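Written below as structure tokens is the structure these notes are about.
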Amino acid sequence: MPEKAILKLGDKTIELPVIIGTEGERGIDISRLRDETGVVTYDPSLGNTAVCKSAITFIDGEKGILRYRGIPIEQFTEKPNFMEVAWLLIFGRLPSKEELARFRDRLTDNELLHEGFRHQFQSVPVDAPPMAILSAMLSQLACFHQELLSLQDEESFEDAAARLISKVRTIAAFSYRRSLGLPFIYPDPKLRYCANFLHMMFSIPYQQYIITPEIEDALNLVFIMHADHEQNCSTSTARVVGSAKANLFASCAAAVCALWGPLHGGANVEVIEMLERIHKGGVTPEECIRQAKDKSNPFRLFGFGHRVYKNYDPRAKILKATCEKVFAKLHHKDELLDIARKLEALALKDSYFVERRLYPNVDFYSGILLRAMGIPTNVFTVCFAIGRLPGWIAQWKEQHDDPTSRILRPRQIYVGPPQGDYVPLSKR
Ligand code: SDX
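Just so we're aligned: the sequence shown equals residues 0 to 427 in numbering that gives the first Met the number 0.
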């Protein structure tokens, strides 16, 4: 007998169906609540509300589990291949050799930007925020690829997805080069996804950037760790925009704007700035912890805490271990890693963090790894976006392909003034 929830409201009692997920998580289906009772539920940060059923990513926040299409993320660390994970997330299974080769060719065919973009880059100030440029340029793809504004079949969807995933690197690299007044370095069709991005970022016209296998693997891993995370703020944004049947470029451009926020993807920048303040002696780790606990102080311990993880973020664990492995292999030193370790140790034995179950999240160590690759702090959130793009596309596609999906339009509880009358200006 399927489980039911009983809701008693005034003299009314109604039965609500209970939905059971793959891992036994339960949800009370209230989709008929307002029709049957006239009332709505109230959950302002949606922390208790499932807005969709999804088969893409599973998180168990209590146990610190993260799986992409059922595969634990730890299993992608051996030989990290971001494009393979992107394909898995979007199409729901691991690609065959031929499928991966075809996807790689499609990305190579789409790695260049229309030359019209050059003028766009020249028109922005050199100190323009990279996330503003990224969002604008992703939206601009709609101008240069108008045939992909409405995706009628699988082929056109794959085309749009490949253009976004391939061109996002070129946009990010050109934006970085523009900020330094350096010439654009065009993509090299012989290079794999991450190597090509590093080439476009750091090569100079007369000297190709030397790809270190450890760095290439580390960048694949950073992107994989960011690839999807179920209904986070930026993914929900992509779904909301996509639910109005807006095109894929617009939905991903909107998601970039949400990710920009310091409470979301912008936290990886805040973490490095926090560690640098400690490194420069502006504040001690102990003082940092004290400020984070002080309710009268808006400062938070960036890279710590999470809406879903009430345990160690498995991505933080992997990124921390990767920092140590890459640093040892390359004989690289960064005192910010030592400071991060100290800050983590202090927080994890402090009752304020323990009681609230605040642990390092994906942003706590990701920046230190990106720094080791020579990626500047103001490009960190752009790198988060490059990693998250396949997740946004996968989630958008899942909603787009669902015949039952409708425009996302939440309700509200009105607390404004009761009915009143207009007062003409002459009488105010
Ligand atoms: C990402 O959703 C996702 O999946 C996001 C993400 C993804 O992959 O898409 O995982 C990526 O966004 C990671 C989070 C990056 N942000 C930060 O590191 C910023 C610092 N963290 C916090 O701002 C906070 O932890 C959030 C925003 C991440 C979560 O916020 P919640 O769930 O709304 O938590 P909350 O504000 O309700 O906090 C509960 C308590 C509060 O104290 P009390 O009111 O109970 O006394 O914990 C405190 C908070 O003040 N708290 C912190 C804290 N995080 C929470 N106190 C100090 N430092 C912190 N970092």
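Even for Gly, the Cβ is constructed at its ideal location relative to N, Cα and C.
On a predicted model such as this, the values are computed, not experimentally measured, just so you know.
Item to check | Straight-line Cα distance separating Thr36 from Phe116 | outcome: Distance from the CA of Phe116 to the CA of Thr36, rounded to the nearest whole angstrom, comes to 53 angstroms.
Next on the checklist: Within 10 Å of its beta-carbon, does Ala85 have 16 or more other beta-carbons around it, so buried, or fewer, so exposed?
Outcome noted: Ala85 is classed as buried because its beta carbon has at least 16 other beta carbons within 10 Å across all chains shown.
Next on the checklist: Within 10 Å of its beta-carbon, does Pro284 have 16 or more other beta-carbons around it, so buried, or fewer, so exposed?
Outcome noted: Classification of Pro284: buried, given that the 10 Å Cβ count is 16 or more.
Next on the checklist: Contact defined as beta carbons within less than 8 angstroms: I believe Phe120 pairs with Arg177. What is the distance between those atoms, to the nearest angstrom?
Outcome noted: For Phe120 against Arg177, the beta-carbon gap comes to about 5 angstroms, under 8 angstroms, which counts as contact.
Checklist entry - Near Arg92, what residues of its chain come up, given a Cβ to Cβ distance below 8 angstroms and the 5 sequence neighbours on each side ignored? => result Arg68.
Checklist entry - Can you find a heavy atom of the ligand SDX that lies under 6 angstroms from the Cβ of Phe301? => result For Phe301, the Cβ falls inside the 6 angstroms cut-off from some heavy atom of the ligand SDX.
Checklist entry - So, are the CB atoms of Val436 and Arg314 less than 7 angstroms apart? => result The question about residue 436 has no answer here: the residues shown for the chain are numbered 0 through 427.
Item to check | Close Cβ partners of Leu388 (< 7 angstroms) along its chain, the five nearest in sequence each way excluded | outcome: Around Leu388: Leu163, Ile164, Val167, Cys251.
Item to check | Residue from Thr236, Glu14, Glu275 whose Cα sits closest to the Cα of Trp391 | outcome: Nearest C-alpha to Trp391: Thr236.
Item to check | Residue range of the beta strand (DSSP E) that includes Thr12 | outcome: First-last of the beta strand (DSSP E) with Thr12: 11-19.
Checklist entry - According to the Cβ coordinates, are Gly60 and Tyr308 closer than 7 angstroms? => result Going by C-beta atoms, Gly60 is nearer than 7 angstroms to Tyr308.
Item to check | C-alpha distance - Leu65 paired with Val38, whole-angstrom precision | outcome: Taking the straight line joining both Cα atoms gives about 35 angstroms.
Checklist entry - When the distance is taken between beta carbons, is Lys328 closer than 7 angstroms to Glu213? => result A contact, by the Cβ cut-off of 7 angstroms.
Checklist entry - Of the residues Pro188, Ile203, Trp259, which one's Cα is nearest the Cα of Asp104? => result Residue Pro188 is the option with its Cα nearest to Asp104.
Item to check | Backbone CA spacing between Ala344 and Gly302 [nearest angstrom] | outcome: Rounded to whole angstroms, Ala344 to Gly302 spans 14 angstroms at the Cα level.
Next on the checklist: Could you check whether the Cβ of Leu357 sits closer than 6 angstroms to any heavy atom belonging to the ligand SDX?
Outcome noted: Yes - the ligand SDX has a heavy atom lying nearer than 6 angstroms to the Cβ of Leu357.
Checklist entry - In the structure shown, what three-state DSSP assignment does Phe303 receive? => result Of the three classes helix, strand and coil, the one that applies to Phe303 here is strand, per DSSP.
Item to check | Same chain, Cβ closer than 7 angstroms to Asn296, neighbours up to 5 away in sequence not counted | outcome: Here the set comprises Gln290.
Next on the checklist: Bridge partners for Phe57 per DSSP, in chain order?
Outcome noted: The beta-bridge partner set that DSSP reports for Phe57 consists of Arg66.
Checklist entry - Going by beta carbon distance, what residues of the same chain come within less than 6 angstroms of Phe201, once the five residues before and after it are set aside? => result Take Phe201, set aside five residues on each side of it, and the residues of its chain with a beta-carbon closer than 6 angstroms to its own are Tyr208, in chain order.
Checklist entry - Thinking just about the alpha-carbon of each residue, which of Arg238, Asn267, Pro16 is nearest to the one in Ile374? => result Comparing Cα positions, the closest option is Asn267.
Checklist entry - According to the neighbour-count rule (16 or more other Cβ atoms, all chains shown, within 10 Å of its Cβ), is Met446 buried or exposed? => result Outside the shown range of the chain, which is 0 to 427, sits residue 446, and nothing can be said about it.
Item to check | Under the three-state DSSP convention, the category Lys316 falls into | outcome: DSSP places Lys316 within a helical segment (H, G or I) once states are collapsed to three.
Next on the checklist: I believe Asp227 touches Ala393 by the beta-carbon criterion, under 8 angstroms. Please report the beta-carbon distance rounded to the nearest angstrom.
Outcome noted: Asp227 to Ala393, Cβ: 6 angstroms. Contact.
Item to check | Given Gln206 as reference, the closest of Gln398, Pro182, Leu262 once Cα atoms are compared | outcome: Gln206 has its Cα closest to that of Pro182, out of Gln398, Pro182, Leu262.
Next on the checklist: Assuming Gly241 is part of the alpha helix (DSSP H), what are its boundary residues?
Outcome noted: For Gly241, the enclosing alpha helix (DSSP H) stretches over residues 232-242.
Item to check | Ser233 and Leu258 closer than 7 angstroms at C-beta | outcome: Against a cut-off of 7 angstroms, the Cβ pair of Leu258 and Ser233 comes out as a contact.
Checklist entry - Based on the DSSP secondary-structure assignment, which residues constitute the bridge partners of Ile203? => result In the DSSP output, where bridge partners are listed per residue, Ile203 has Gln206.
Checklist entry - Distance, Cα to Cα, Asn80 vs Leu220? => result Each residue's Cα considered, the two are about 7 angstroms apart.
Next on the checklist: Quick check on the burial criterion: 16 or more other C-beta atoms within 10 angstroms. Buried or exposed for Cys322?
Outcome noted: Label assigned to Cys322: buried.
Checklist entry - Mind checking Val270: buried by the 16 CB within 10 Å criterion, or exposed? => result With 16 or more other CB atoms across the displayed protein chains lying within 10 angstroms of its CB, Val270 is buried.
Item to check | Minimum length 4: unbroken alpha helix (DSSP H) runs contained in the stretch 68-149 | outcome: Counting only unbroken stretches of 4 or more residues, the alpha helix (DSSP H) elements lying wholly within the stretch 68-149 are 81-90, 96-108, 115-122, 129-143, in sequence order.
Item to check | Nearest-angstrom Cα separation, counted from Ile210 out to Ala194 | outcome: The straight-line gap separating the alpha-carbon atoms of Ala194 and Ile210 is approximately 6 angstroms.
Checklist entry - Is Ala384 closer than 7 angstroms to Val255 when the C-beta atoms are compared? => result For Val255 and Ala384, yes; Cβs fall inside 7 angstroms.
Item to check | Reference Thr48; option with closest CA among Glu24, Lys7, Leu300 | outcome: The closest CA to that of Thr48, considering only Glu24, Lys7, Leu300, is found on Glu24.
Next on the checklist: Output needed for Phe196: all residues of its chain with C-beta closer than 6 angstroms, excluding positions within five of it in sequence on either side, in chain order.
Outcome noted: Leaving aside the five residues that flank Phe196 on each side, the residues in its chain whose CB is nearer than 6 angstroms to its CB run, in chain order, Arg168.
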